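Taken in order, these protein sequences are the chains called A and B. Following the working numbering, the numbering of the first sequence begins with 1 at its first residue and continues without gaps. Following the working numbering, the numbering of the second sequence begins with 1 at its first residue and continues without gaps.
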Amino acid sequence: MITIKNYIRASSLQEAYDLNQSKQNRVLGGMLWMKMSNANVNTVIDLSDLGLNTITETEHDFSIGAMVSLRQLELDEGLNRYSENAIQTSVRDIVGVQFRNLATVGGSIFGRFGFSDVLTMFLALDCDVELFQGGRISLEQFCAMPKDSDILVRLILKKTPGHFVYSSMRNSKTDFPVIACGVSFFDNTYHFSIGARPGKAILLRDTTGLLSDGITEQSADAAAKWVAAQTPTESNLRGSAAYRTHLIEVLVKRNLMEIGGKMHGNPNQAE
Amino acid sequence: MEIQIKLNDRPLKSDVSPDCLLIDFLRAQGCYSVKRGCETSNCGLCTVLLDGKPVLSCSVLAVRANGHQIHTLEGLQEEASDFVTFIADQGADQCGFCNPGFVMNAIALFRENPDPTDDEIRAYLAGNLCRCSGYEGQLRGIRNYLNSKKA
């Protein structure tokens, strides 16, 4: 059971950052994961008063504050119009509405949890993070960094034109995914984000040219086999490494076929 | 730490420890409809409305509720009465253990979407686990309740 000695609502990002330099202190996200730990925390730092709970849209990007809930992601019309509902699909099976009203984007992304649908989804998009000290870097770069004591302020999702599909395989509807898979096409490149391997999500780009002549059953099949071969998987209670590798192949192919359909104006299937 | 909240429309001032969970605070105030189920933020039994939105009270610090409005089933008796009676008449309440959380979330659903499809009902209530696995009964009960309202 977690114990907490002090609770502070930070009045500025600087205050939150300063407090977070002590290893005995923790930043509060939705607290859903943290509450199940056995940590003895000196001070929890609440970012609720810093105005980080909004999604703002400009001509070029979306700014998603670290305290935005997963439910907000699910319901935001602009985000889902841009992502072709891939963002909604990525979060809608995360436990339940009550959970998603609490869980925050910042908590999911900063934690870089292996099971995270949110990290897997945003990795497949053209997305940066803004850190209080570290400034703006790509989400891919952030994902590869070791955890530190910086403060994640927001995500910046660029409105790069493209197509996006997300799917996951779960043993039961609201459980963690056994495998999660985001596929996108933007900047003339196919991107494959694979999460719940069960390690944290990784991003691959098609460098093989397998899809250079377009998406067909055969090219999607070949690309899916390539992604599965490139992606390290492990076993845990939810599934074996071999099962996960098989699922990657299945989901990548399905997602690619859907992307192919979108490219040709038919959202349900490829040409 | 001192907190000030509105609990079931009544202002309340109280001292709580920094790690007191909202569920424990609410039960200490006599709101026994709020029950502890899974302890893993999964089952929805402890659902309350925080500023009108359904949340898991087992996963919220009471201090975080400072300045906010909380509703438990005790404060929604009138709104819940018809629905609960209907569900009981339909035999959809099963053993009853999950009912407070189920009813709270159903109320949140009806407020947000007064005319949901079956799929929307299933999706909204996916976070309410029924130990009897009585999901079909719950769905039938809700559907019949909503149809009865239209009649």
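C-beta atoms are modelled at their ideal positions from N, C-alpha and C, and glycine is treated no differently. All values reported here derive from a predicted model rather than from experimental measurement.
Could you compute how far the alpha carbon of residue i sits from the alpha carbon of residue j?
i      : j      : result
A:T104 : A:E130 : 15 Å
A:S168 : A:S90  : 8 Å
A:R112 : B:G30  : 39 Å
A:E217 : A:Q14  : 53 Å
A:P232 : A:R197 : 7 Å
B:Y124 : A:Q24  : 37 Å
A:G30  : A:G199 : 22 Å
A:L277 : A:N20  : A question about residue 277 of chain A goes unanswered here, because the residues of chain A that appear run from 1 up to 271.
B:D89  : B:Q4   : 39 Å
B:D153 : A:S48  : Residue 153 of chain B lies beyond the residue range present for chain B, which begins at 1 and ends at 151; the question has no answer from this structure.
A:E271 : A:M263 : Any reading at A:E271 must be qualified, since the residue scores a pLDDT of 46, below 50, and its modelled position is unreliable; the value itself is stated next. Roughly 9 Å between the two C-alpha positions.
A:I215 : A:G195 : 23 Å
B:A28  : A:Q141 : 47 Å
B:K6   : B:G67  : 8 Å
B:S133 : B:G101 : 15 Å
A:L237 : A:I94  : 18 Å
A:S108 : A:E249 : 25 Å
A:L203 : A:V165 : 14 Å
B:A106 : B:E112 : 10 Å
A:A144 : A:M67  : 22 Å
A:T43  : A:T120 : 30 Å
A:F62  : A:D117 : 19 Å
From the DSSP output, which residues share a beta bridge with residue i?
i      : result
B:S33  : Paired residue(s): none; B:S33 is not in a bridge.
B:S54  : Looking at the sequence shown, residue 54 of chain B is not Ser but Pro. Paired residue(s): B:L49.
B:K13  : B:Q4
A:L102 : Bridge partners of A:L102: none, in fact.
A:C181 : A:S167 and A:I194
A:S63  : A:T56 and A:I156
A:C127 : A:L157
A:S138 : A:D128
A:G162 : A:F186
A:G239 : A:N236
A:N6   : A:T43
A:T202 : A small correction: the amino acid at residue 202 of chain A is Ile; Thr does not occupy that position in the sequence shown. BP columns for A:I202 point to A:I194.
B:L61  : B:L21
Contact check, residue i vs residue j under 8 Å by CB: the rounded distance?
i      : j      : result
B:P54  : A:N188 : No, B:P54 and A:N188 are not in contact; Cβ-Cβ is about 43 Å, not under 8 Å.
B:C95  : B:L45  : 12 Å between Cβ atoms; not a contact.
B:N147 : A:G96  : Actually they are not in contact, since the Cβ atoms of B:N147 and A:G96 sit about 25 Å apart, beyond 8 Å.
B:V103 : B:F86  : Not a contact, Cβ separation roughly 11 Å.
A:C127 : A:L157 : 5 Å
A:A220 : A:T245 : Not really, about 17 Å apart at Cβ, beyond 8 Å.
B:I23  : B:R10  : No, B:I23 and B:R10 are not in contact; Cβ-Cβ is about 19 Å, not under 8 Å.
A:L125 : A:S69  : Their Cβ separation, rounded to whole angstroms, is 19 Å, which puts A:L125 and A:S69 out of contact at 8 Å.
A:D46  : A:I8   : 7 Å
A:G65  : A:R154 : 5 Å
B:I70  : B:L50  : 6 Å
Which chain A residues are close to residue i, counting only those with a beta carbon under 8 Å from its beta carbon?
i      : result
B:V60  : M31 and L102
B:G75  : What B:G75 touches in chain A: nothing, since even the nearest Cβ is about 17 Å away.
B:N144 : Residues of chain A passing the Cβ test: none, with the nearest at roughly 22 Å.
B:N105 : G96, V97 and Q98
Using a cut-off of 7 Å between C-beta atoms, extract the partners of residue i located in chain A.
i      : result
B:A126 : G96, K173 and T174
B:V55  : Q98, N101 and L102
B:G134 : None at all; the shortest Cβ gap to chain A is about 16 Å.
B:G44  : G96 and Q98
B:T47  : Q98
For a contact meaning CB atoms closer than 8 Å, what does residue i contact in chain B?
i     : result
A:K35 : L21, S41, C58 and S59
A:R26 : Ordered by position in chain B, no residue passes the 8 Å Cβ test against A:R26, which lies about 12 Å from the chain.
A:R92 : A123
Which residues in chain B sit within 9 Å of residue i, going by Cβ to Cβ distance?
i     : result
A:S48 : R64
List, in chain order, every chain B residue whose beta-carbon is nearer than 7 Å to that of residue i.
i    : result
A:I4 : P18 and D19
A:Y7 : M1, P18, L61 and V63
Interface residues of chain A around residue i at Cβ under 9 Å?
i      : result
B:G137 : Those within 9 Å of B:G137 in chain A number zero; the least Cβ separation is about 18 Å.
*Within the segment 69-93 of chain A, note down every full alpha helix (DSSP H) run reaching 4 residues or more, in order along the chain.*
Listed in chain order, the complete alpha helix (DSSP H) runs (minimum 4 residues) inside the segment 69-93 of chain A are 70-75, 77-82 and 86-91.
*Where in the segment 24-60 of chain A do unbroken runs of the beta strand (DSSP E), each at least 3 residues long, occur, reported from the N-terminal end onward?*
Segments of the beta strand (DSSP E) lying fully in the segment 24-60 of chain A: 25-28, 40-46 and 55-57.
*Run through the segment 63-150 of chain B for me and flag every whole alpha helix (DSSP H) of 4 or more residues, listed as ranges in chain order.*
Listed in chain order, they are 77-89, 99-112, 118-124 and 135-150.
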